[in-house]
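I have placed the structure first, in the form of structure tokens, so that the comments after it can refer back to it.
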Amino acid sequence: MSELFGTDSPKGIAVAGISCELAMKAGRAAAAVLASGKNKNSKIIVAKDKNRSSDVLEAAVCAGICSAGADAEAIGVIPASAAAFLVGEHCADAGIVISAASRSPLESGIRIFNDKGTRPDEDKEKLITKLALGSSDAPELRYDGESGAILRSDDAAVRYAARLKEICPLDLSGMKIAVDCRGGCAEGVAQSLFSELGAEIAEVSEMGDTADVDFVGTPLERLMDCVAENDCDCGFAFDTDASVCIAVDENGNVIGGDALLAAFALDLRKKGTLRHNCVVAPVTSSRSLSMFLEENEIGLVTTGAADRYAAYRMREGGYNLGGESGGRILFADDMPCEDGLLTALKLLELMKNSGKSLSETAPCFEKLPQVVLNVRIDRKKREQWKNDSVITGLIEQMTETIGEKGRIFVYENSSADPSVRVIAEGGDFGQINTIAMTIADTVKKRCGER
Numbered sequence: 106m107s108e109l110f111g112t113d114s115p116k117g118i119a120v121a122g123i124s125c126e127l128a129m130k131a132g133r134a135a136a137a138v139l140a141s142g143k144n145k146n147s148k149i150i151v152a153k154d155k156n157r158s159s160d161v162l163e164a165a166v167c168a169g170i171c172s173a174g175a176d177a178e179a180i181g182v183i184p185a186s187a188a189a190f191l192v193g194e195h196c197a198d199a200g201i202v203i204s205a206a207s208r209s210p211l212e213s214g215i216r217i218f219n220d221k222g223t224r225p226d227e228d229k230e231k232l233i234t235k236l237a238l239g240s241s242d243a244p245e246l247r248y249d250g251e252s253g254a255i256l257r258s259d260d261a262a263v264r265y266a267a268r269l270k271e272i273c274p275l276d277l278s279g280m281k282i283a284v285d286c287r288g289g290c291a292e293g294v295a296q297s298l299f300s301e302l303g304a305e306i307a308e309v310s311e312m313g314d315t316a317d318v319d320f321v322g323t324p325l326e327r328l329m330d331c332v333a334e335n336d337c338d339c340g341f342a343f344d345t346d347a348s349v350c351i352a353v354d355e356n357g358n359v360i361g362g363d364a365l366l367a368a369f370a371l372d373l374r375k376k377g378t379l380r381h382n383c384v385v386a387p388v389t390s391s392r393s394l395s396m397f398l399e400e401n402e403i404g405l406v407t408t409g410a411a412d413r414y415a416a417y418r419m420r421e422g423g424y425n426l427g428g429e430s431g432g433r434i435l436f437a438d439d440m441p442c443e444d445g446l447l448t449a450l451k452l453l454e455l456m457k458n459s460g461k462s463l464s465e466t467a468p469c470f471e472k473l474p475q476v477v478l479n480v481r482i483d484r485k486k487r488e489q490w491k492n493d494s495v496i497t498g499l500i501e502q503m504t505e506t507i508g509e510k511g512r513i514f515v516y517e518n519s520s521a522d523p524s525v526r527v528i529a530e531g532g533d534f535g536q537i538n539t540i541a542m543t544i545a546d547t548v549k550k551r552c553g554e555r
């Protein structure tokens, strides 16, 4: 993992409040690495979200790309998955998406795709990082001396929507859907897409400034109320770059990502298209999901806690369905990366084909109490805490204490400010809260910031 690229694939260059200078260098480095050795028509597409900072960062990224001799094709505000798809459609060498890195409307980050619409391999990420940060051992950037051109595309959203309708050719006539895009990339695209398929749309009231939909802690009461008040069949919320989809059923209940993944797994297996009869998900997925899949004789391939590992494992093993509890689902046969709008359409397809409501379509999982704590650690202690016998011994002890009734996960987050995340899950909230606090306190004492 590099200094700029986080563990989660949506993060890309994990810098909150990224500067124009760094954005330009990142664009130049991406072009040098991902379009290097290509012909003079090398091209990188550039997409963005609706954040106020995105326009100026788009200009900086495009300038960097052109300075490396490649063309930059700006395709405007569009979901990250659309940009990944359009890399292939536009015969581009790479894609860059400028998207919110935090809740502030003034802060953004950058996500980079290769020519397949997926995240570059680790070696290329490291080289892009060296070039962007001006590392002393980075190779000299060379090109033929001709600057690239900035191109414009106005039909990106139309082509993306056409692809979604090709994947899910639905007739949603008679359905009423609540939609909350929260000022993100899906705004406009989602409403028009569902409307063109025949659905009636109930839009959730505006929030004001753009805000990322943090589905771990952000309340979804507005969407839930909208579904109930407008007698909708279901409701959908999408995060800033539209890679996440959270569904709300006709009763106003939130359907978690694990339940969605289980429903899709059953459907694909029934059709005989669930490759290797397995689903790929992080180890932090709920016990309910693993038990449900086991009961239905479907395999579960677990990966590291960050969702980038699931995407890598799916490509390596040839799996076609993966996801995580936050609502980020990857249908590898249809799109190169997670797509919230595609997830919503796939769910509507299940409902239409079965004639059932959403509450009847998605499995009902009993959610065990869970405590999640983050402990900021000293930069010098990155990865070292794993070899601290006091910490590892305590984790083993607590794992034995909680037994088969629960689970404990401790792993390091990758960000500008390194931290260790402690997750305890089990039937007794008091017990798991004490366990999580004990481990977190020990990590802080042993590895916390000085």
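Residue numbers (my numbering): 106 to 555.
Note that the Cβ used here is the ideal one computed from N, Cα and C, for glycine as well.
My output table needs one value for V548: the three-state DSSP class, helix, strand or coil.
In this structure, V548 counts as helix in the three-state DSSP scheme.
Can you grab the Cα-Cα spacing for the pair V161 / A342, in whole Å?
27 Å
Excluding the 5 residues preceding and the 5 following V515 in the sequence, name in chain order all residues of the same chain whose CB lies nearer than 6 Å to its CB.
I500 and V527
In terms of residue numbering, what span does the beta strand (DSSP E) encompassing L398 cover?
Counting along the chain, L398 falls outside any beta strand (DSSP E), though it belongs to the alpha helix (DSSP H) covering R392 to E400.
Do L447 and V384 have their C-beta atoms within less than 9 Å of each other?
no
With 16 other Cβ atoms within 10 Å as the buried cut-off, status of A254:
exposed
Just the Cα atoms here: how many angstroms apart are V556 and G445?
The displayed coordinates of the chain run from 106 to 555. Any statement about residue 556 would go beyond what the structure contains.
Close Cβ partners of D220 (< 8 Å) along its chain, the five nearest in sequence each way excluded
Within its own chain, the residues whose Cβ lies closer than 8 Å to the Cβ of D220, once the five positions on either side in sequence are excluded, are L139, V192, G193, A197, D198 and A199, listed in chain order.
Write down the C-beta distance between A136 and A164 rounded to the nearest angstrom, noting that I regard them as a contact closer than 8 Å.
Contact doesn't hold; Cβ gap of about 15 Å is too wide.
Can you tell me whether DSSP reads S204 as helix, strand or coil?
If DSSP states are grouped into helix, strand and coil, S204 belongs with the strands.
Measuring straight from C-alpha to C-alpha, what distance separates E471 and A367?
13 Å
Which of helix, strand or coil DSSP assigns to I528:
strand
From what residue to what residue does the beta strand (DSSP E) around D285 run?
K281 to D285
Could you tell me which of S459, A283, K376 and S158 sits nearest to V182, measuring between CA atoms?
Measuring from the Cα of V182, the nearest candidate turns out to be S158.
How far does the beta strand (DSSP E) with C383 in it extend, from its first residue to its last?
Per DSSP, the unbroken beta strand (DSSP E) holding C383 starts and ends at C383 to P387.
What are the partner residues of G431, as DSSP defines its beta bridges?
Looking at the DSSP assignment, G431 forms no beta bridge with any residue, so it has no partner.
Looking only at its own chain, which residues have a Cβ that is under 7 Å from the Cβ of F320, when we skip the five neighbours before and after it?
Residue confidence for F320 is low, a pLDDT of 40 falling below 50, so the modelled location carries little weight; the figure read from the coordinates is stated next. Closer than 7 Å at Cβ, skipping near neighbours: V349, I351, G431 and G432.
What residue from T543, V332 and R133 has the CA that sits closest to K235's CA?
R133
How should N356 be labelled, buried or exposed, when 16 other C-beta atoms within 10 angstroms of its C-beta is the threshold for buried?
exposed
Excluding five sequence neighbours on each side, which residues of the same chain lie with their C-beta closer than 8 Å to the C-beta of I403?
A370, L371, R374, L379, N382, C383 and V384
Spatial distance of C167 from A177 (CA atoms)
Distance between the alpha carbons of C167 and A177: 5 Å.
Answer with buried or exposed for S459, where buried requires no fewer than 16 other C-beta atoms within 10 angstroms of its C-beta.
exposed
Contacts around N146, its chain only, beta-carbon distance under 8 Å, and the 5 residues preceding and following it disregarded:
Same-chain partners within the cutoff: D176.
Just to check my reading of the structure: G362 and A283 have Cβ atoms closer than 8 Å, yes? What is that Cβ distance to the nearest angstrom?
Between A283 and G362 the Cβ distance is about 19 Å, and since that is not below 8 Å, they are no contact.
Extent of the continuous alpha helix (DSSP H) run through V166:
S159 to S172
Quick one: what does DSSP say L426 is sitting in, helix, strand or coil?
strand
L302, enclosing beta strand (DSSP E) - first and last residue
Note, L302: premise wrong, no beta strand (DSSP E); not H, not E.
CB-CB under 7 Å to R484, same chain, minus the five flanking residues each way: which ones, in chain order?
Result list for R484: P523, in chain order.
What's the call for T315, buried or exposed, on a 16-neighbour Cβ count within 10 Å?
In this prediction, T315 scores a pLDDT of 39, lower than 50, which makes its location untrustworthy; no coordinate-derived value is stated.
When you measure from the CB of D330 to every non-hydrogen atom of the ligand NAD, does any distance come out below 8 Å?
As far as ligands go, the structure on display features none, and thus does not contain the ligand NAD.
Taking the alpha helix (DSSP H) that A437 falls in, what are its first and last residues?
Per DSSP, A437 belongs to no alpha helix (DSSP H) and is neither H nor E.
For D176, list the residues DSSP reports as bridge partners.
K148
Could you check where the alpha helix (DSSP H) with E505 kicks off and where it finishes?
Its alpha helix (DSSP H) spans residues S494 to I507.
Give the secondary structure of N358 by DSSP, where H, G and I count as helix, E and B as strand, and everything else as coil.
coil
Determine the direct distance from the alpha carbon of G288 to that of L238, and round the result to whole angstroms.
Approximately 32 Å, taken between the alpha carbons.
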